[in-house]
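In what follows, a single structure is set out as structure tokens and then discussed.
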Amino acid sequence: MTATDPVRTPPDDELEPWREPWRTGGVLAVLRNPRLLWQFVRAEGRDKYRGTLLGGLWAYSKPLTRFLVYFLVIGVLLGLSRRVENFPVYIFSGVVVLQFFTSSLTSGTKSLARQTSLMRRVNVAREYIPLSMVLANVRRLRPAMIILVAAGLITGWRPRHVAGFPEAIAGMVLLVVFVSGLVMITSVANMYVRDTRYAVESVILVASWASPTIYPWNLIAERFGEHSWISYLYLSNPVTVAMTGMRAAFWEPTVPLAPTGAPGEFPDDPLAPGGVLSLPLVPVLMSIAVALATFLLGVLVMRKHQHNLLLRTEWTP
Amino acid sequence: MSAAETETVRLTKVRKVFPHPKIPADGRPRLRRQTDHSKDTVALRAVTLSFHAGEGTALLGLPGAGRSTLLHLVTGVLRADRGRVLVRGRVSGLIGSGAGFTGDWTLRQNVVASSILLGESRDRAREQADAILGFVGMAGRADARLRDLGPAETKKLGYATALHTRPDIFLSDDELVVGGSDLREASLALLAQVPASGRTLVVTSNSAKLLPQLCTRGVVLDEGRVDFDGGLEEALSRYRELRDEHRSRHAKDEEEDDDDADRRRRHDEDDDEEP
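From first to last, the protein sequence lines are chains R and L. The opening residue of the first sequence carries number 1 in the numbering used here; numbering runs sequentially from there. The opening residue of the second sequence carries number 318 in the numbering used here; numbering runs sequentially from there.
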């Protein structure tokens, strides 16, 4: 009998098979019982702004402020908006993705250490804990997405412009897989060495500049050469791919650029329409491989270590 | 039904060791692997035991005998270092620090998650949560956080959840001796239903008052070994022997060791048949 079986057999009716209680089934158990995962996600998302005057409105304040700061300082002050058409939407579609990545990674890394009491109380697959943090952050994208759509509507995006949506969704799915793998690794590492979360914060700072959030990605190609390994490394970052997808959906319909360059090649002007597809194919495939490999590694790390985690706390029954 | 058919929990030569020090005194983790195992805490040494459906079993023993560790192995929160733990059916219970998943969640979220974990659908789990919270008179506080509940209320909620979700194997830690008298009566009634309805009950307690209402069998653990396994009455008297032995041993060096005095004090509180 699996945990999802709706019809329960009475204990003395039919003999159930023996099982070892510590075997929780890992990631497969999470996939088999999405209801419990969803319960984790919901519980995580609620009452964040409990007791505040403005309540849920605060969820909008952070992305909006971030957007305004980037726009004013980098766009107006440093003059990048002269280089990129409709710079506010360009930058914000990147900021949304980056924000998701950084908050998932920071909260995910801390998640297991925060939930040791849960691990003592109930025997569920430990994977629920970091994975639900990532999904809770997907849910928290909503305010930022609303601001993005609003900014798009002002600058020329219309609801009929859905051609880029598949790329945006595919890019985000890729990023979710990637960051899920990462947090399964970092949250376990954080149980062994609590320095991990601080190291991750530094890495995130670097990562936010290693993706085309506030500058166009052809800067890298111009500086290091289109087919240099640095360009490939840069472009195979799932964060970059997700940002490009998001821009294909919300930014490209608002700019009057004609496509340049052959498909599958580095375009002359990388800011031309085409989204992920306008990225060279090889880095896109590499980023898929990177995301899947990270996820797989995360699964293996969790599987190997999940029954040592409680021994890393000061608890003895 | 034969004994093999009613067997729901089976431990075979189970050993569990807690490495020392898990966290060094200065709190800084060591990268080098620890090689000195002389200070490890051996919680269980080669324990072989079975529990059966329709039977209430009391686990007796001094603090540190390994009773809690044993229950944590049966829930699967801990994994045995050696030997094998097998269960048949859904395991639930009240162990250690309390009911539910985590104090950060609301009462309702905790109860809903407990039901979903035992295989209920979301809607069914929500209905059950309403019923459970109503039953314990906490419907109005469903959105309070679990950690804001008092210990007695937490236990009450835990027992109510366990009753409604009907696990096949119910485990309970020392908790049943805590709480006001009406709570105690209510919890006892709920617990007594477990073996009566053909399910498995395992309780760790040393209470000569409460155990006869729940259990027919007693297992005494001592320093990680099964010291006695048989009828409850004999088990209780064997436990008293062990306790007195322990006390007289420690009366001698009372002044020397504060830690031991602490342990004994806790142990005395634990024991409600004191005059």
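Note that the Cβ used here is the ideal one computed from N, Cα and C, for glycine as well.
Is any beta-carbon of chain R found at less than 7 Å from that of residue 368 (chain L)? no
How long is the line joining the alpha carbons of residue 26 (chain R) and residue 32 (chain R), rounded to whole angstroms? 10 Å
Evaluate residue 378 (chain L) with the Cβ neighbour count: other Cβ atoms within 10 Å of its Cβ, from every protein chain shown; 16 or more gives buried, anything less gives exposed. buried
With C-beta atoms as the reference, is residue 166 (chain R) less than 7 Å away from residue 235 (chain R)? no
What separation, rounded to the nearest whole angstrom, lies between the Cα atoms of residue 526 (chain L) and residue 546 (chain L)? Going by the C-alpha atoms only, they are around 19 Å apart.
Shortest alpha-carbon distance to residue 158 (chain R) belongs to which of R:250, R:76, R:241? Out of R:250, R:76, R:241, R:250 has the C-alpha closest to the C-alpha of residue 158 (chain R).
Note down, in chain order, each residue of its chain lying with its Cβ closer than 8 Å to the Cβ of residue 583 (chain L), except the 5 sequence neighbours on either side. Note that residue 583 (chain L) scores a pLDDT of 47, beneath 50, so its modelled location is shaky; the value from the coordinates is reported in the next line. For residue 583 (chain L), where only same-chain residues beyond five positions count, the Cβ hits under 8 Å are 380.
Which of helix, strand or coil DSSP assigns to residue 245 (chain R): Note: residue 245 (chain R) maps to helix in three-state DSSP.
Per DSSP, cross-strand counterpart(s) of residue 410 (chain L): Residue 410 (chain L) is bridged to L:488.
Three or more C-beta pairs under 8 Å: does that hold for the segment 434-449 of chain L against the segment 513-527 of chain L? Three or more Cβ pairs closer than 8 Å define a contact, and the segment 434-449 of chain L falls short of that threshold against the segment 513-527 of chain L.
Check whether chain R comes within 7 Å of residue 518 (chain L), counting only Cβ atoms and requiring the distance to be less than that. no
Three-state secondary structure assigned by DSSP to residue 563 (chain L): helix
Cutting at 6 Å between CB atoms, please list the residues of its own chain near residue 107 (chain R), excluding the five before and the five after it. Closer than 6 Å at Cβ, skipping near neighbours: 133.
Determine the chain L residues that contact residue 36 (chain R) at a beta-carbon separation under 8 Å, and present them in chain order. Against residue 36 (chain R), the close residues of chain L are 430, 433, 434, in the order they occur along the chain (beta-carbon pairs closer than 8 Å).
Which full runs of the alpha helix (DSSP H) of 4+ residues lie inside the segment 110-174 of chain R, going along the chain? 116-121, 128-139, 141-155
Interface partners of residue 386 (chain L) on chain R, CB under 9 Å: Ordered by position in chain R, the residues that pass the 9 Å Cβ test against residue 386 (chain L) are 316, 317.
For residue 96 (chain R) and chain L, any beta-carbon pair shorter than 7 Å? no
When we look at the beta-carbon of residue 271 (chain R) and count the other beta-carbons within 10 Å, is it buried (16 or more) or exposed? Residue placement at residue 271 (chain R) is poorly supported in this model, since its pLDDT is 46, which falls under 50; the coordinates still yield a value, given next. That one is buried.
Go to residue 526 (chain L), then tell me how far its alpha helix (DSSP H) extends in each direction, as first and last residue. Segment: none, residue 526 (chain L) is in no alpha helix (DSSP H) and carries neither H nor E.
In chain R, which residues lie with their C-beta within 9 Å of the C-beta of residue 336 (chain L)? 311
What does the alpha-carbon distance come out to for the pair residue 270 (chain L) and residue 475 (chain L)? Limits of chain L in this structure are 318 at one end and 592 at the other, which puts residue 270 (chain L) out of reach.
Neighbour list for residue 389 (chain L) in chain C, Cβ cutoff strictly below 7 Å: Judged by its chain identifiers, the structure shown contains no chain C, and its protein chains are R and L.
CB contact flag (residue 543 (chain L), residue 364 (chain L), <7 Å): In this structure, residue 364 (chain L) lies closer than 7 Å to residue 543 (chain L) by Cβ.
Taking Cβ positions only, does residue 307 (chain R) come closer than 7 Å to chain L? yes
Tell me whether residue 461 (chain L) sits in a helix, a strand or coil according to DSSP, three-state version. coil
Is the Cβ of residue 458 (chain L) closer than 7 Å to any Cβ of chain R? no
Going along the chain, which residues of its own chain have a beta-carbon closer than 6 Å to the beta-carbon of residue 425 (chain L), five neighbours each way excluded? Excluding positions up to five away in sequence, the list reads 446, 459.
I'd like to know if the segment 93-111 of chain R and the segment 139-149 of chain R are in contact, where contact means that at least 3 CB-CB pairs between them fall below 8 Å. With the cut-off at 8 Å, the segment 93-111 of chain R and the segment 139-149 of chain R touch.
By DSSP, does residue 551 (chain L) sit in helix, in strand, or in coil? helix
Can you grab the Cα-Cα spacing for the pair residue 386 (chain L) / residue 538 (chain L), in whole Å? 11 Å
Give the residues from the segment 97-131 of chain R that approach chain L closer than 9 Å (Cβ to any Cβ), ordered along the chain. Contact annotation: in the segment 97-131 of chain R, residues whose CB is within less than 9 Å of a CB in chain L are 114, 115, 117, 118, 119, 120, 121, 122, 123, 124.
Tell me which residue opens and which closes the beta strand (DSSP E) that residue 402 (chain L) is part of. 399-404
For residue 395 (chain L), return the contacting residues in chain R, with the cut-off set at a CB-CB distance below 8 Å. Those within 8 Å of residue 395 (chain L) in chain R are 22, 307, 310, 317.
Expressed to the nearest angstrom, what Euclidean distance is found between the alpha-carbon atoms of residue 110 (chain R) and residue 170 (chain R)? 27 Å
Cutoff 8 Å; reference residue 411 (chain L); Cβ partners in own chain excluding five residues on either side: 472, 475, 476, 479, 488, 489, 490, 492
Give me the Cα-Cα distance between residue 85 (chain R) and residue 44 (chain R), rounded to the nearest whole angstrom. Pairing residue 85 (chain R) with residue 44 (chain R), the inter-Cα distance amounts to about 38 Å.
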